[in-house]
Structure formats: structure tokens, C-alpha cells
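The structure under discussion appears below in the form of C-alpha cells.
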Amino acid sequence: RHRQRAGKEGQVLHRSKRGWVWNQFFVIEEYTGSVRLTVSYVDSGDGNIKYILSGEGAGTIFVIDDKTGNIHATKTLDREEQAQYTLTAQAVARDTMKPLEPPSEFIVKVQDINDNPPEFLHGPYYARVPEMSNVGTSVMQVTATDADDPTYGNSARLVYSILQGQPYFSVEPQTGIIRTALPNMDREARQEYDVVIQAKDMGGHMGGLSGTTEVKITLTDVNDNPPKFPQSESLPGEEVGRLKAKDPDMGDNGMVNYRLVDGDGMGLFELTTDSETREAVIKLKKPVDFETKRSYTLKVEGSNPHVDPQFLAWGPYKDEATIKISVEDADEPPVFVAPSYTFEVEENAPQGTPVGRVHAKDTDVANNPVRYMIPRYTDVEQFFSINSEDGMITTTRPLDREAQAWHNISVSATEIGHHQDTKVRVNIRVKDINDNPPEFATNNEVLMCESVAPGKVIETVSAVDKDEMAHRQHFTFSLAPEVAHNHNFSLKDNRDSSASIYVLRKGFSRLTQDVYYLPIEINDNGFPAMSSTNTLTIRVCSCDSRDTILSCNVEPYVLPAGLSTGALIAILACIVILLGSICFCGLDSSSALPGRDFIPFAGS
């Protein structure tokens, strides 16, 4: 600040008038302490200046110290109720209340914290999808909302996952689109599925808030079953044959009753009498199987129910006959030797890798050769092929376990020259290999106080990867080579798949540099070993004496983590010289308030 000095006694002193450009103040929502927003410097004035505050929340939520110009927030603020407040500060003469400078308007912005879980406003959902749809067919899209600020941090960045409904359906993490995950869902086997979808904020990382919704999915019918005539087989209750005993007597004297008295088919057949024709009717009592037993023998007795006692000596009045029943072979489809098959194959195995062999046989007398095929609606993307003669299943391309861990297909077996077939379920598990690099397990942003002491641990990082064996792996950490010798932060590998980030120096200032990017290399111990570089974002924040964060800037001034303190001092010196030149050139003769200026908050 430059003032024009008096050339002679009584000349009025003037200072350069300044056009004020107010930046934003930031106050963290839900913070319970007292927040001070400094808008002026106190000089050695005589106390005749009074600061007044007006606008949204003035006097209730925000109060100003009329002597110093410091503004205080008096209660906790909720960003979801009101995201920002527009206020006006002005300096007036304490005795006359006459404005000494034009009013200056500024904004207090409530900085968001993650205090709202995602919500599905339109759930539960109901959806329909045709049976036998291809893998990846879109079923519907579910959408969750988060009341937190989408422009700051990850508080409103949602990731969708499926909690219930696997392996039949999947959900796209970023869009919430539900898709079919199995190719052979059959309405005739199961028509409805209850799916539970979760939306989690903080990009899905640990510590995020979550919400769920239910989706009831119904399979609609398609014409996937051809008409079939029932096979001609004898069923229980059907007539097998008839026989009749001859009796020349008339009326009741010639009546004959029939019964089974012996034979290996006693439990499979039954005998009744036709009262009109006086014939014995043989009926099937239980199903018979040609492949188990091809013939049965029955002994049938026929007797007169009405016998004249005077002729008993001429008896007996009954006779027996032996009957042979032959079982005819009915054409039946092949039979697989196992009710289902489960095979394993490594992911990324080359094309043509054997997966496993299925086997079916013809139980009919003809024992016709069997041919195999994979119905394409069960393997739409054609990951597998089968040798039609020996039933060996092989891969047609490399498989990715992280994309699809299980493939559930069907194999059909048919006799040569016949149309009847039989199917068997084949479940193929894709075995994991270490082909995914590790990454940070949680949010990669750290808030650090300006007053942090050297040697303090500001963050402990851990890692995960998408491989199935990740829970058995060990991760190691190190600083990337380009920042290995920086003077700001160091890293200590804790040898338990985590690492601690230490501060090396004191004197951080968010006005000088409010964000640092620290690249960290993470290695796993898989075979082959995988590594990646993940960047930890460290934000410098204003804190109170208890190290409680008061505010953090949201638009970072990017400098590398390894920039030296000397370089920072040189940059600051250039800025001070430049500002001094601008102030000197901007002198004018306007009247001004002696001894005091508003200072714009450098928080944005």
C-alpha cells in the first residue's frame, strides 16, 4: 500500500483506492467448531472503524467482529440444505456510520463431506427379458442418486454392484445397466429371479456409503420347444393281452374266473375278467424296461365259481396256462454316464486347449453310434467347440476369468439316424492366473493440515487387485523413481501389504501449494509378478489448534511432490516482486480509509 505524503501542513493524505475482487470462502459442512474467516488486517488505527456484515445468514449463521473484520460461522452448516451464502462486508465510520469504502461482496461456500448414502428413488423395479437371450442382453437400467456434491471429491461418484442374482445377471459398475450373464436361461425351468443391486459412493472404495434396491426379473416365453408326439410305450394300466378258457357248459355253469398264481412277473402285471366276453385281461401294473429284462412268465388259473356238489368227484373244475410276455425295445435317446459335468481350464489358455470329455451311450439293442454338439444358444459367443465323435470339449479362444469366471453350457447327444436327443449340463470354471496389476484399495486422496509435524504418518495405503488369488498375495510399496528423493514425503513398507506415508518437513502452506501428487509403485508376489503406479493426492488444508480440518481448496495448483523448498521460495519471491510493481503502478489520488484494507481470501 502506498500513500501520498503532504507537501505542506494541512494537505489531505490520500492512498490508492483498490477495486476489490472477492474469492470464495470454504466451510466444511457438519463441522462443529468455530470457523473464522479473516477478511481484513488489523493495523494501528484509532478504533474509529466499524465493520458490518449483511446478506444471507448475516447475524444468525455468520457474525463479524466489528473491530477486526473477522467473520465467524456460529453453527454447523448442511450443504444439502444450502450450498453457498452470499454476504457483503463494509467498513464505516463508527461514530457517523458513514461508508468509508464501497461494500465488498463475497461468497461462503459449504464444502461437502460424504454424509448422504445413495438412494434408489424408483425401486423396487420390475423387468422382463426373453428366455434364451444372448449373454450381455440389456434387461434394464437402475439409477441411484446421491445428495452429496458431485463436483467435489468422490462423495457422489457411484459404483453399482450385484449382491444377489449371480451368476444369472450382472450390472455395469458405472451405468447401472443390468445384463444377462448366462446364455441358456430357460423359462420352462425357472421363470422369475430376484436380484439385489447396490450403489456405493466414494467410487466403490472402502468407507463409502451404500444403498440397495430389489429388481424382480421375469423371463418371457420364446418358441424354443418343438412339438413332440409322445413315445409309444406301455404305461401302467394299459392292456397287454387277453386269453380265454373254453367251457361247453351254458350260463353260470360255464362262467370262468381267472387269477395269477405264479411267475416272475407277479408284481408287474395284474389280471381281471371281462364279464361280457369271459376273457382274462392282462394289464401292466408297473413300467417295464427292455434293457433290464426282456421277457416275463405268468401262470394263469381258470376255475368255475359254481360247481354242483354231486360232480365234485369228477373234478377239479380248474385249469392252468403258462403265458410268456415279451418286452419290445422302444427307441430311446442316448444316456450320459454322468448327470452333469464340471471341468476347469486356466484363463488365457491358448485356442484348442482341451477342457474335458463327455460320454453318452445308446442303451438300445442296436447300440447306434452317438454324435455330440453344443447348442449355440448355450454358448452364444462360441468360446468352446466339441469333437462330434468322442465328446472332447476344447477352447476356441483365450478366456478371461475377470470377465466371466464360469461358463455354463449344454452338450447334446444324438444317435445316428434318429432324432431323439438328450442334453447334459457342463459347468466350466476358469482358473485364475495373476494377470491384473494391484491398485489402491481405498480412495487415493489425503487431507493434511498445514501445521503437520515432520515424521507424522498422514496415511496408510493398502492394495487390492481383481485376481481371485488376491487374498493370498503379498503387496509391496515404494515411491516411484521420479519422487524417490523428494524432500516432502517418504514411504515405509510395513511388510503386511500396507505402507505408511510420512511427512519429511514442516512449513506447508496451502497458499503456496495446496496439492501434491505422490506416485507410488505397488508390486504383487504372483506369478508372473504384476506392478502398477498409483498416484496419491495430498491436499493441504487449514486446521485449528486441535488439527481439525477447517477448509481445503477445491481447485488445486499443481506442482510435483518432489519440488524443493528453495524452488518454492524462488517462485514466491517472484510473485511478491510482481505484486509490488502492480501496486506501485496503480497509485491514484482517490480518498480512502486510513490505515486499513479488506484482504481477499485466497481460498479458490
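Residues in the sequence shown are numbered from 123 upward in steps of one, following this note's numbering.
Using N, Cα and C, we set each Cβ at its ideal position, and we do this for glycine too.
Note that the coordinates shown come from a computational prediction; the quantities given were computed from them, not determined experimentally.
Closest Cα partner of residue i within the set the options
i, options, result
"Pro305", "Glu401, Pro295, Ser260 and Tyr282", "Ser260"
"Leu341", "Gly359, Lys322 and Gln313", "Gln313"
"Met219", "Lys322, Asn170, Pro295 and Tyr499", "Asn170"
"Asp323", "Phe458, Pro272 and Asn530", "Pro272"
"Ile319", "Thr297, Met328 and Tyr173", "Thr297"
"Glu294", "Ala311, Gly258, Gly329 and Ser277", "Gly258"
"Leu393", "Asp386, Thr399, Leu382 and Gly387", "Leu382"
"Arg668", "Val574, Asn379 and Ile508", "Val574"
Neighbourhood of residue i by C-beta distance below 6 Å, restricted to the same chain and skipping five residues each side
i, result
"Gly177", "Thr208, Leu209 and Thr210"
"Thr657", "Tyr639 and Pro641"
"Thr444", "Lys421"
"Gly474", "Thr516"
"Glu401", "Arg364 and Lys366"
"Asn256", "Val502"
"His327", "Thr564 and Asn565"
"Leu331", "Pro239 and Asp323"
Backbone CA spacing between residue i and residue j [nearest angstrom]
i, j, result
"Thr419", "Ala367", "18 Å"
"Gly181", "Leu280", "38 Å"
"Val410", "Pro520", "48 Å"
"Pro252", "Asn470", "32 Å"
"Val467", "Gly478", "9 Å"
"Asp557", "Asn645", "12 Å"
"Pro576", "Val337", "52 Å"
"Glu454", "Asn647", "55 Å"
"Met254", "Val502", "10 Å"
"His609", "Glu567", "20 Å"
"Ala602", "Lys588", "22 Å"
"Thr414", "Ala651", "58 Å"
"Gly179", "Val232", "13 Å"
"Ile150", "Thr670", "11 Å"
"Ala213", "Asp188", "9 Å"
"Thr395", "Val403", "6 Å"
"Met514", "Gly325", "44 Å"
Helix, strand or coil at residue i [DSSP, three-state]
i, result
"Met652", "coil"
"Met324", "helix"
"Gly333", "strand"
"Val605", "helix"
"Asp615", "strand"
"Asp587", "coil"
"Tyr274", "coil"
"Gly684", "Residue confidence is low: Gly684 scores 41 on pLDDT, short of 50, so the model does not pin down where it sits. Its coordinate-derived value is still stated next. Looking at Gly684 - three-state DSSP - the assignment turns out to be coil, as it is neither helix nor strand."
"Thr340", "strand"
"Tyr290", "coil"
"Asn192", "strand"
"Arg68", "Lying before the first or after the last residue shown, residue 68 is absent from the chain, which here runs from 123 to 726."
"Asp557", "coil"
"Asn375", "helix"
"Thr544", "strand"
Extent of the continuous beta strand (DSSP E) run through residue i
i, result
"Leu420", "Ser417 to Ser425"
"Gly177", "Ile171 to Gly177"
"Arg493", "Val492 to Met495"
"Gly507", "For the sequence presented, residue 507 should be read as Ser rather than Gly. Unbroken beta strand (DSSP E) run through Ser507: Phe506 to Ile508."
"Trp436", "First-last for Trp436: undefined, no H or E at that position."
"Gln595", "First-last for Gln595: undefined, no H or E at that position."
"His529", "Trp528 to Glu537"
"Phe630", "Unbroken run through Phe630: none, as it is neither H nor E."
"Val637", "Val637 to Asp646"
"Thr464", "Ser462 to Glu468"
"Tyr248", "Tyr247 to Pro252"
"Gln473", "First-last for Gln473: undefined, no H or E at that position."
Contact set for residue i: own chain, Cβ-Cβ below 8 Å, skip 5 residues either direction
i, result
"Ser117", "Because the chain in this structure spans residues 123 to 726, residue 117 falls outside the shown range and cannot be described."
"His428", "Asp374, Asn375 and Met377"
Nonlocal neighbours in the same chain, by C-beta distance under 7 Å from residue i, ignoring five residues either side
i, result
"Asp441", "Ala367 and Gly424"
"Ala269", "Glu202 and Asn238"
"Gln595", "Asp646, Asn647 and Gly648"
"Leu690", "Low confidence applies to Leu690: its pLDDT is 40, below 50, so where it sits in the model is not reliable, and the reading given next is rough at best. Excluding sequence neighbours, Leu690 sits near Thr634 and Gln635."
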